[in-house]
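**Student:** Please see the structure below; I have some questions.
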């Protein structure tokens, strides 16, 4: 049974969709899906033994790599997802400056969707804007990976560098949170999840690792440098978002049960709560470099 707090949250989100004229489909369908997403979140968090108050250090299997893909000696692809101000961009910058011969890096494809823009101020269609960003992200990533992979396979002198993306189509928790917060319609959520499913097995020759950067909402807000109105750095939204990364963490630990297939990529949820930014950056780079230099196999099913 769904908790009263979550049920009430679904009602509030539906009202937000209607009042802000962001509803694209039947309100009843949106409400049913809101209830379903809230229930799945409740089950995941209870099964994991966590709440939105749980610090990353106490999340089961944090800082452990879940091996889910046979990793041949090819270019590797890393997706950085996770909480705002958790160190993702800092890692990209550091890799780009200090290890340019080892990595191609691509920045946040979602930042323009949910950054400082407010529908009331800009007059934008939030649903259409989000959908455009989802499709553009998928298109940009597909083009980049196709090009790099083709060049690597056809040119023996092509540099053997790995690819690191920040917030690509695998960042489903971010889209789910915006749906649960009444910002986007069910159609946009479905489109994002369909892209996620379509791409699960697309680049089988390009081993992937999803790295979820985890910090508590209070840490995320404390690290925000600009104290002004923001669509992401809000207490209630950050709590909602954190729950979705906790849910995603549970799903990655129980991938076969949730998605009805073998794990097609590696995954690690990293505790990025340290107060020293440089130490956090080096910690995340440690996982990237460790996976980069190691031939992990699904058969081993081991943890680093």
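Numbering (this note's numbering), first residue to last: 30 to 333. Quick reminder that beta carbons are idealized off the backbone N, C-alpha and C, glycines included. Please read these numbers as outputs of a predicted model, since none were measured by experiment.
#1: Using a Cβ-Cβ cutoff of less than 6 Å, which residues in the same chain neighbour residue 296 once the five nearest sequence positions on both sides are dropped?
#2: What does DSSP give as the partner residue(s) for residue 97 in the beta ladder?
#3: Where does residue 57 sit, in a helix, a strand or coil, going by DSSP?
#4: Could you check if residue 273 is buried or exposed, using at least 16 other CB atoms within 10 Å of its CB as the buried criterion?
#5: May I ask which residues mark the beginning and end of the beta strand (DSSP E) holding residue 228?
#6: Put residue 40 into one of helix, strand or coil per three-state DSSP.
#7: Would a C-beta distance cut-off of 9 Å place residue 303 and residue 312 closer than the cut-off?
#8: Using the Cα positions of residue 132 and residue 56, report the straight-line distance between them to the nearest angstrom.
#9: Keeping to the same chain, check which residues put their C-beta closer than 7 Å to that of residue 42; ignore five residues upstream and five downstream.
#10: Excluding the 5 residues preceding and the 5 following residue 202 in the sequence, name in chain order all residues of the same chain whose CB lies nearer than 6 Å to its CB.
#11: Could you work out which residue in 293, 130, 242 is closest to residue 187 when comparing CA atoms only?
#12: Once you ignore the five residues that flank residue 124 on each side, which residues in its own chain have a CB closer than 8 Å to its CB?
#13: Given residue 71, which residues of its chain have a CB within under 7 Å of its CB, disregarding the five upstream and five downstream residues?
#14: Could you say which of 241, 310, 298 lies nearest to residue 127 if we only look at CA atoms?
#15: With a 10 Å radius around its C-beta and 16 neighbouring C-beta atoms as the bar for buried, classify residue 47 as buried or exposed.
#16: Taking the Cβ atom as the reference point for each residue, do residue 298 and residue 120 lie within a distance shorter than 9 Å?
#17: Do you know offhand how far residue 53's Cα is from residue 112's?
#18: According to DSSP, which residues form a beta bridge with residue 243?
#19: Which of helix, strand or coil does DSSP assign to residue 110?
#20: Give me the Cβ distance between residue 39 and residue 244, rounded to the nearest whole Å; I'm assuming they're in contact under 8 Å.
#21: Considering only DSSP beta bridges, list what residue 191 is partnered with.
#22: Please classify residue 241: is it buried, with 16 or more other beta-carbons within 10 angstroms of its beta-carbon, or exposed?
#23: With a CB to CB cut of under 6 Å and the five nearest residues on each side skipped, what residues in its chain are close to residue 320?
**Tutor:** The relevant details are as follows:
#1: 95, 239, 281
#2: Bridge partners of residue 97: none, in fact.
#3: helix
#4: buried
#5: No beta strand (DSSP E) holds residue 228; the alpha helix (DSSP H) holding it covers 215-228.
#6: helix
#7: yes
#8: 45 Å
#9: 63, 209, 210, 211
#10: 273, 274, 277
#11: 130
#12: 131, 132, 134, 193, 314, 317
#13: 31, 32, 35
#14: 310
#15: exposed
#16: no
#17: 28 Å
#18: 300
#19: strand
#20: With a Cβ gap of about 26 Å, residue 39 and residue 244 do not count as contacting.
#21: 132
#22: buried
#23: 238
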